[in-house]
Each structure stands twice: as C-alpha cells, then as structure tokens.
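What follows is a short report on a single structure.
In our numbering, the protein residues as written are 591 to 789.
Put into structure tokens, the structure is as follows:
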C-alpha cells in the first residue's frame, strides 16, 4: 500500500512539472525578436511596386486641388481642414507690433557725454545721462543720472542768472582735447561745468 501511494505521488508530481514547463514555454513564446523577424521577412517577400507617371500626375493634381481650396478656407492648409478654427476675440495687430515704442518723457534733459571725465576721484564714463540742477546752500550742483541711479553730483557755476526760458536743455563741448564743458540751461539760469578728460 505504501508503494502504491508512493508511485501515484511520483507520477502526480511529474505531471505537475510537465504542465508548468509547458505554460512557461507558451508564456515566453511571442518575443520582440520574432515580431521583427516576421516584419523583415514580410518586407522581403512583398513585391516592390514602381510608381507610374499616371499615379504621380494624379497625386500632383490632388495636391493642387487642395491648394486651390486653400484660398477658400481662409488661409487654412488642406491638412488642417478637419481641425476647428480657433476664434479669438482680439486679433493681433501687426502694425502695432512693428512700431517703435515711445520713450517715456522725462522732466530732465538728456546729455550725450562723448568721453570719460574726472570729477575729483570719481570717473564719469561716456554715455547718456539725465541732467538736473539742484541748489544747496547757495551753490548749484548738476546731478548726473542713468535710469533711477545717481552717478555723480558736480558743482556748477551760474553764468547767466537772468534767464527767460521755461525749457531745459543741456550740451557738452570738448575744449583742446583736455577739458569738457557741460552747459545746462533752465529757468533759474545758465550753468557751466568744466571737467578734465580721462586719457
């Protein structure tokens, strides 16, 4: 009896191993290599077809017909016909994009300083500066600004106190390649500064 049970147990375990092995083979059977081999084999067996002149002409006619319809479809391309056209409430104005924006007006006049100059230990580099005049303790000072930052404050002489003008203007003049004279004119008078050129 023991032998009979042992024989059935061995046969039963061998049967289980055989079915598990079959399932594993079936599980790993479709691999990517097989798909790739099938595709390359299909490409080799497929007959190569030459495009005839008639087929080429028909294709060109179809493309040309779509291009003619393009004018009717409000500038949409033939491949975009199935897409919904986006309707925006505000159309961009190309003329406004090409315009040069106006520079914001400033109460101070703009000075183009052509060379680098000294003001004591401070070097004022060549460039554009907004110039304004300030009176401190009966002395006048010209303030050089670039953007929102103060670059320098230079003491100036008031040459002409009897000024009738309401406008402000400024200019720079190079004298003998050694000095720069800066003139500033406003309602309070005509101011002059002479500074040495950095060499």
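Virtual Cβ for every residue (Gly too), placed ideally from N, Cα, C.
Query, Result
"Does the Cβ-Cβ distance between residue 729 and residue 782 come in under 8 Å?", "no"
"Quick one: grab the DSSP three-state call for residue 630.", "helix"
"Under 8 Å, do residue 719 and residue 705 count as touching if we go by C-beta distance?", "no"
"Can the beta-carbon of residue 755 be found less than 8 Å from the beta-carbon of residue 721?", "no"
"Can you tell me the Cα-Cα spacing of residue 737 and residue 752, whole angstroms?", "31 Å"
"Between which two residues does the beta strand (DSSP E) holding residue 786 run?", "779-786"
"Is residue 777 close to chain B? Criterion is C-beta to C-beta, closer than 8 Å.", "Reference to chain B is not applicable here, since this structure consists of a single protein chain."
"Cα-Cα, which of 780, 779, 764 and 641 is closest to residue 787?", "764"
"Between which two residues does the beta strand (DSSP E) carrying residue 760 extend?", "759-765"
"Ordered along the chain, which non-local residues of its own chain (more than five positions away) have a Cβ less than 8 Å from that of residue 767?", "787"
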